[in-house]
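Undergrad:
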Amino acid sequence: MSTISIIGAGGMAAAVAGRIAKGGHIVEVISRDKAKAQALANQLVDAITGVYGAAPAGDIVILAVPYAGASAVMADYGNALAGKVIIDITNPIARDLSGLVVPSGSSGAQEIAKASPADAHVVKALNTLFGGKLAQGGRLDAFLAGDNEEAKAQVSRLLESLDLRPLDVGGLPMAQTLEWLGLMMIGLARNGAGTFDIAMKVDIG
Ligand SMILES: NC(=O)c1ccc[n+]([C@@H]2O[C@H](COP(=O)([O-])OP(=O)(O)OC[C@H]3O[C@@H](n4cnc5c(N)ncnc54)[C@H](OP(=O)(O)O)[C@@H]3O)[C@@H](O)[C@H]2O)c1
Numbered sequence: 001m002s003t004i005s006i007i008g009a010g011g012m013a014a015a016v017a018g019r020i021a022k023g024g025h026i027v028e029v030i031s032r033d034k035a036k037a038q039a040l041a042n043q044l045v046d047a048i049t050g051v052y053g054a055a056p057a058g059d060i061v062i063l064a065v066p067y068a069g070a071s072a073v074m075a076d077y078g079n080a081l082a083g084k085v086i087i088d089i090t091n092p093i094a095r096d097l098s099g100l101v102v103p104s105g106s107s108g109a110q111e112i113a114k115a116s117p118a119d120a121h122v123v124k125a126l127n128t129l130f131g132g133k134l135a136q137g138g139r140l141d142a143f144l145a146g147d148n149e150e151a152k153a154q155v156s157r158l159l160e161s162l163d164l165r166p167l168d169v170g171g172l173p174m175a176q177t178l179e180w181l182g183l184m185m186i187g188l189a190r191n192g193a194g195t196f197d198i199a200m201k202v203d204i205g
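For the sequence shown, position 75 matches number 75 in this note's numbering, and the numbering has no gaps at all.
(1) Within the present structure, is the beta-carbon of alanine 31 separated from the nearest heavy atom of ligand 1 by less than 7 Å?
(2) Does the Cβ-Cβ distance between isoleucine 62 and isoleucine 26 come in under 8 Å?
(3) Check the C-beta distance from alanine 175 over to alanine 120 and give it rounded, since I have them as a contact under 8 Å.
(4) Taking the C-alpha atoms as reference points, what is the distance between methionine 184 and alanine 68?
(5) Taking its Cβ as the centre, do 16 or more other Cβ atoms sit within 10 Å of threonine 195, making it buried, or is it exposed?
(6) So is the beta-carbon of phenylalanine 143 under 7 Å away from any non-hydrogen atom of ligand 1?
(7) So, are the CB atoms of isoleucine 89 and alanine 125 less than 8 Å apart?
(8) Identify the continuous beta strand (DSSP E) that holds glycine 8 and give its terminal residues.
(9) For isoleucine 30, which of Gly23, Ala21 and Gly10 has the nearest alpha-carbon?
(10) Indicate whether glycine 108 and alanine 70 have their beta-carbon atoms separated by less than 8 Å.
(11) Note down, in chain order, each residue of its chain lying with its Cβ closer than 7 Å to the Cβ of proline 45, except the 5 sequence neighbours on either side.
(12) Would you say the region 73-81 touches the region 144-160, given that touching needs at least three Cβ pairs under 8 Å?
(13) Report yes if the C-beta of asparagine 148 is less than 7 Å from at least one heavy atom of ligand 1; otherwise report no.
(14) Within 7 Å: the Cβ of leucine 129 and any heavy atom of ligand 3?
(15) Any Cβ of chain B within less than 8 Å of the Cβ of aspartate 203?
(16) DSSP three-state call for leucine 181: helix, strand or coil?
(17) Between the Cα of serine 5 and the Cα atoms of Asp168, Lys84, Leu97 and Gly187, which residue gives the shortest distance?
(18) DSSP has valine 29 in a bridge; who is on the other side?
(19) Among Gly105, Val123 and Gly137, which residue has its Cα nearest to the Cα of alanine 113?
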């Protein structure tokens, strides 16, 4: 049993935390609003709350805040995230869904990596899965991208334990593609599918 930390206590944090708790891990919920962290922890088995800005208990830390707040979170944490594997689930998508709000040629994950301690490793994952679909349970495909193989192996083991199938798409620059894929899933939900009760499935072999 390992401890997995989540920064954020909103809809996606709740969906991911539910899977983590079912996967037999301890969830550490961290929010700048302690009461919101406690409220989410109360819904989970084996959950604790952490202090926002202090070193998280888990070796893996899931960043579950809006992309617009990510740089503030990274600044608030600074070296407290040293040595951590940071799972970036954010979708840096413009409000009008016209594209990504990241510098040209970059991705939200790469910008977050630039703001993280040198010995932390950012892995993009979970951004293409909707919270509602995750919360329903069932085995889903989960893409991930990152530059550090050991960090990706750790994240893949975590995803497997959450009944998700990890699908490694390559290095961290591929995070941009996953972020566009997140936008594509929203477009599909709002148009062709007509529901957010969808997930992408890859047919291998
Ligand atoms: N919802 C989905 O289906 C889904 C799917 C894939 C990826 N994502 C990504 O997951 C992330 C979270 O989405 P969500 O739907 O869970 O959003 P949400 O329900 O609005 O929750 C956001 C959480 O982030 C916290 N937060 C906001 N700004 C912050 C800041 N500047 N510093 C610290 N904490 C801050 C909020 O705290 P307060 O309550 O104190 O404001 C809240 O706990 C987003 O990046 C989103 O793109 C979402």
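All C-beta atoms, glycine included, are put in the ideal place defined by N, C-alpha and C.
All values reported here derive from a predicted model rather than from experimental measurement.
TA: So, from the data block:
(1) Strictly speaking, residue 31 in this sequence is serine, with alanine absent from that position. A heavy atom of ligand 1 is found nearer than 7 Å to the CB of serine 31.
(2) Against a cut-off of 8 Å, the Cβ pair of isoleucine 26 and isoleucine 62 comes out as no contact.
(3) Contact flag wrong, Cβ pair sits at about 15 Å.
(4) Roughly 19 Å separates the two Cα atoms.
(5) Under the 10 Å beta carbon count, threonine 195 is surrounded by fewer than 16 other beta carbons and is classified as exposed.
(6) Placement of the Cβ of phenylalanine 143 at a distance of 7 Å or more from every heavy atom of ligand 1 is found.
(7) Yes, these two residues count as a Cβ contact at 8 Å.
(8) Where glycine 8 is concerned, there is no enclosing beta strand (DSSP E), given that its DSSP letter is neither H nor E.
(9) Minimum Cα distance to isoleucine 30 is reached at Gly10.
(10) Yes, the Cβ-Cβ distance between glycine 108 and alanine 70 is below 8 Å.
(11) Per the sequence presented here, residue 45 reads as valine, with proline not at that position. Excluding sequence neighbours, valine 45 sits near Ala21.
(12) The answer is no - the region 144-160 does not touch the region 73-81, with fewer than three Cβ pairs under 8 Å.
(13) In this structure, ligand 1 has no non-hydrogen atom nearer than 7 Å to the beta-carbon of asparagine 148.
(14) The ligand content of the structure shown is limited to ligand 1, which means ligand 3 is not among them.
(15) No chain B is part of this structure, which consists of one protein chain only.
(16) The three-state secondary structure of leucine 181, taken from DSSP, is helix.
(17) The residue with the shortest Cα to Cα distance from serine 5 is Lys84.
(18) Beta-bridge partners of valine 29 (DSSP): Ile6 and Thr49.
(19) Here the closest residue by C-alpha is Val123.
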